[in-house]
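Engineer: The opening position of the sequence shown corresponds to residue 1 in full-length UniProt numbering, with each subsequent residue numbered one higher. For glycine and all other residues, C-beta sits at the position ideal for the given N, C-alpha and C. Could you have a look at this structure, given as structure tokens, before my questions?
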Amino acid sequence: MFLKGASFETCKKAAERKRVKMLNQKVYFYIGQSMSWSSAQNYCREHYLDLAMIENQEENTRAGSAAPSSLLTWIGLYREPWTWSDQSHSTFRNNNPAGLTNPGGGHCVLENTDDHLWDNQDCSVKNRFICQQGDGSVQVPHRTRALLCDCLFCLAQFPG
1 MFLKGASFET
11 CKKAAERKRV
21 KMLNQKVYFY
31 IGQSMSWSSA
41 QNYCREHYLD
51 LAMIENQEEN
61 TRAGSAAPSS
71 LLTWIGLYRE
81 PWTWSDQSHS
91 TFRNNNPAGL
101 TNPGGGHCVL
111 ENTDDHLWDN
121 QDCSVKNRFI
131 CQQGDGSVQV
141 PHRTRALLCD
151 CLFCLAQFPG
């Protein structure tokens, strides 16, 4: 049971322990399971909206901050010319100083969660990844949603 004086913010913080980050209407979800880029894309499309599609530096920082530090995580950018997972053209880049060099056929892009710089890698390599939900109707994963509902029910029954 939550302590007397708990607030909606307390509930929200508890629910966000799943490392959910919001920015405008986009919500970024870190997925700790390693998959190839295409498997990660399929997972994100099945459970959220798509792999993270990042349009500016603020979104880049927030998306990368959804994951623990010192990780390389798939985002939704791939191929040359660089295109987002939804087939939209990518105008924002946050490449490492060497740029997206495409060595050895690395046609998919990773974000380094420490410095938020991007690098490319072979799409078949398994990495953790960041999904996004961003159409204004955010779907929170079931366990997180249940925690938030339990917390809000508790607040309604036992107001501060």
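Identify whether Val138 lies in helix, strand or coil by the three-state DSSP scheme.
Structural biologist: Note on Val138: pLDDT 44, under 50, position unreliable in the model; no value is reported.
Engineer: Is Arg79 buried or exposed, if buried means 16 or more other CB atoms sit within 10 Å of its CB?
Structural biologist: Exposed: under 16 other Cβ atoms inside 10 Å.
Engineer: If we count the other Cβ atoms within 10 Å of its Cβ and call it buried at 16 or more, is Gly76 buried or exposed?
Structural biologist: So Gly76 counts as buried.
Engineer: Going by beta carbon distance, what residues of the same chain come within less than 8 Å of Thr83, once the five residues before and after it are set aside?
Structural biologist: Same-chain partners within the cutoff: Leu77, His89 and Ser90.
Engineer: What is the rounded straight-line gap between the Cα of Gly64 and the Cα of Gly134?
Structural biologist: Looking at the two C-alpha atoms, the distance is approximately 16 Å.
Engineer: Among Leu51, Asn94 and Gln41, which residue has its Cα nearest to the Cα of His116?
Structural biologist: It is Asn94.
Engineer: I need the straight-line Cα distance from Glu46 to Gln132, nearest angstrom please.
Structural biologist: Looking at the two C-alpha atoms, the distance is approximately 11 Å.
Engineer: Which class does Gly64 belong to by DSSP, given the choice of helix, strand or coil?
Structural biologist: In this structure, Gly64 counts as helix in the three-state DSSP scheme.
Engineer: Since Cys123 is in the alpha helix (DSSP H), which residue starts that stretch and which ends it?
Structural biologist: First-last for Cys123: undefined, no H or E at that position.
Engineer: Under the rule that 16 or more other beta-carbon atoms within 10 Å means buried, what is Gln41, buried or exposed?
Structural biologist: By the 10 Å Cβ count, Gln41 comes out buried.
Engineer: Give the straight-line distance between the Cα atoms of Gln121 and Leu72, rounded to the nearest whole angstrom.
Structural biologist: Going from the Cα of Gln121 to the Cα of Leu72 covers about 10 Å.
Engineer: Tell me the DSSP bridge mates of Cys131?
Structural biologist: In DSSP, Cys131 forms a bridge with Phe29 and Leu51.
Engineer: In terms of alpha-carbon separation, which member of Val27, Asp114, Ser85 and Ile31 lies closest to Ser70?
Structural biologist: Ranking the options by Cα distance to Ser70, first place goes to Asp114.
Engineer: Could you check where the beta strand (DSSP E) with Trp74 kicks off and where it finishes?
Structural biologist: It spans Leu72 to Tyr78 - the beta strand (DSSP E) in which Trp74 sits, taken as one unbroken run.
Engineer: Determine the extent of the beta strand (DSSP E) in which Asn112 is found, giving its start and end residues.
Structural biologist: Here the beta strand (DSSP E) through Asn112 covers Cys108 to Asn112.
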